[in-house]
Structure formats: structure tokens, C-alpha cells
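Q:
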Amino acid sequence: LKDGIIVASLDINSIIVLMTFVIIFAVFLAFDTFKRNEKYAYLAYIVALLPVNFMWIVNFDILGVYLLLFILWCVTLLRDLWGVKQDKKEINDIILYFALAILVQLIITAILPVSIPALLTNTTPWLVFNLPDIYTDTFAFESWVNLDILFAFRLTATLMIILVIVPLILDIKDEEVPLPMFIVIIALFILPFLYLSYLWLPEATAVLTLLMSVMLFIVLLLITRSGKEGELPKKK
Numbered sequence: 006l007k008d009g010i011i012v013a014s015l016d017i018n019s020i021i022v023l024m025t026f027v028i029i030f031a032v033f034l035a036f037d038t039f040k041r042n043e044k045y046a047y048l049a050y051i052v053a054l055l056p057v058n059f060m061w062i063v064n065f066d067i068l069g070v071y072l073l074l075f076i077l078w079c080v081t082l083l084r085d086l087w088g089v090k091q092d093k094k095e096i097n098d099i100i101l102y103f104a105l106a107i108l109v110q111l112i113i114t115a116i117l118p119v120s121i122p123a124l125l126t127n128t129t130p131w132l133v134f135n136l137p138d139i140y141t142d143t144f145a146f147e148s149w150v151n152l153d154i155l156f157a158f159r160l161t162a163t164l165m166i167i168l169v170i171v172p173l174i175l176d177i178k179d180e181e182v183p184l185p186m187f188i189v190i191i192a193l194f195i196l197p198f199l200y201l202s203y204l205w206l207p208e209a210t211a212v213l214t215l216l217m218s219v220m221l222f223i224v225l226l227l228i229t230r231s232g233k234e235g236e237l238p239k240k241k
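Add 5 to the 1-based position in the sequence shown for this note's numbering, that's all there is to it.
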């Protein structure tokens, strides 16, 4: 333990394995540069799980592990959003592989600690998933939490969610979206809003999520069309 951060000591074998996983991620991150015209570049979201979960296995600080994972995902999202801007990638493909990577990571958090009980350290169960235990029952910080890492983690998580949500919203700009569909769209964003609210203000998670949902509703009203703008109201 150093300055509130759990630091793992790696032997030469662990260092080589970690470097190998990082290189594999780098290959998929830069896959488009090989000009193979294949979609395997999207696998970077899933391949990013290799180095970070290996670091978790060798007892690195779990919050630092997730900070690194979110950084890798942010870098990959930025790469793909640039591809969308150049009309080389589709936002739907990005969301599909990103969601798949999140699902795989959640499954890993449920399975790995069963085989390696030591991985339960500084985690809390959410259903069957073991995620970082940041807050006490009174919403104070747990004693193991390094506040600098937590702040960086919050910022990175916020950036990651923004990188996902904003392109999706822009994708439906000026589209015909009836008002009832707003409920479906907002429902899709509830989980990210809940997560952000919990990270920043756990004691006000519900009301902050409600506020963000209302703000999204207003944004949708401003950027979408009903398709009936040119119609005259029917006479009774």
C-alpha cells in the first residue's frame, strides 16, 4: 500500500504478459491503418479488457484498474467518432461493440472472483457483479479510496458517457421523432445517468438522474421534429 494506492509488484513473467496484452490492444486500436477494410478494429473495446483485468488479477488498485479501462475506451471512442465524422464508421456499430465490451466486463466481474476470492477486496456486489466499493452506507468515502484517483475516475467516466450520448443525440437531429418515442430514448439513457449521478452525488442519485432526464427531454424537443410542423390544425 503506497499513498492509499494498492501497488502490485510484478515479476518478469507478469511484466511480459502485461506488455503483450497492451501490444494486442494497440494493434486493434490501430487496425484501420492496415487498410484491410474489415471491422475488426471494433474489437479494441473488448481487447482492452485483457490488460486491465490482468492488472486486477495481480492485485493492482481496482479503482485504478477501472480508470485505465475507461481511458482505453475513451481513446477508442475518439478514434471511432473521428471515423464517423469522415463517413467511414457507423455510430450503431460503435455502440454495439462498446455495449458488448461492457457486458463481457460485467460477466468477468461475476466469474473471476469465484476462482480468485482475493479479487473481492474493495469490491461490493451489485446483483452478481463485483464492482469497486467506493462509498460507505452513509455515502462517505471508503478508507481505501484514493481521492485523486477517484476524481480522475469520475472525470474519465463522465467523458466516456458524453462520448457515447452526444453522437447518439446528434444522430437523430432534425429527424422526425414523435413525442411518445422520447420516453423510449430517455429510458435508454437512464442507466448511464444513474451511474454518473451515483459517482458524483450518491446521496442524490435519484433526483440528479431525474434532472438529467428532464434536460435530455428538453434537448430532444429542440433538435427533433414531429413531422407535423407544416400541417394546419384540424377544425372541429
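The beta-carbon is built from N, C-alpha and C at its ideal position, and this holds for glycine as well.
Along the chain, which unbroken stretches of the alpha helix (DSSP H) at least 4 residues long are found entirely within the stretch 23 to 89?
A: With a minimum length of 4 residues, the continuous alpha helix (DSSP H) runs that stay inside the stretch 23 to 89 are 49 to 52 and 54 to 62.
Q: What residues are listed by DSSP as bridge partners for L136?
A: DSSP output for L136 lists T129 as bridge partner(s).
Q: Determine the contact status of F134 and L111, defining contact as a CB-CB distance below 8 angstroms.
A: Yes.
Q: State the start and end residues of the unbroken alpha helix (DSSP H) segment that holds S148.
A: Taken as a continuous stretch (DSSP letters only), S148 belongs to no alpha helix (DSSP H), as it is neither H nor E.
Q: Would DSSP call E208 helix, strand or coil?
A: Of the three classes helix, strand and coil, the one that applies to E208 here is helix, per DSSP.
Q: Using a Cβ-Cβ cutoff of less than 6 angstroms, which residues in the same chain neighbour L117 once the five nearest sequence positions on both sides are dropped?
A: Correct list, in chain order: L124.
Q: Use the C-beta contact count for T114: other C-beta atoms within 10 angstroms, 16 or more gives buried, fewer gives exposed.
A: Per the 10 Å Cβ criterion, buried.
Q: Would you report the Cα separation of V32 and L77, rounded to the nearest angstrom?
A: Rounded to the nearest angstrom, the two C-alpha atoms are 13 angstroms apart.
Q: Quick check on Y45: buried or exposed, where buried means 16 or more other Cβ atoms within 10 Å of its Cβ?
A: With fewer than 16 other Cβ atoms within 10 Å, it is exposed.
Q: Cα separation between F222 and I121?
A: About 44 angstroms.
Q: Expressed to the nearest angstrom, what Euclidean distance is found between the alpha-carbon atoms of L152 and W205?
A: Going from the Cα of L152 to the Cα of W205 covers about 12 angstroms.
Q: How would you call T129, buried or exposed, if buried means at least 16 neighbouring beta carbons within 10 angstroms?
A: By the 10 Å Cβ count, T129 comes out exposed.
Q: Can you give the beta carbon distance from S148 to I191, rounded, assuming they're within the 8 angstroms contact cut?
A: At roughly 37 angstroms, the Cβ-Cβ gap does not stay under 8 angstroms, so S148 and I191 are not in contact.
Q: M24 to T81, Cα distance in whole Å?
A: Cα-Cα distance, rounded: 19 angstroms.
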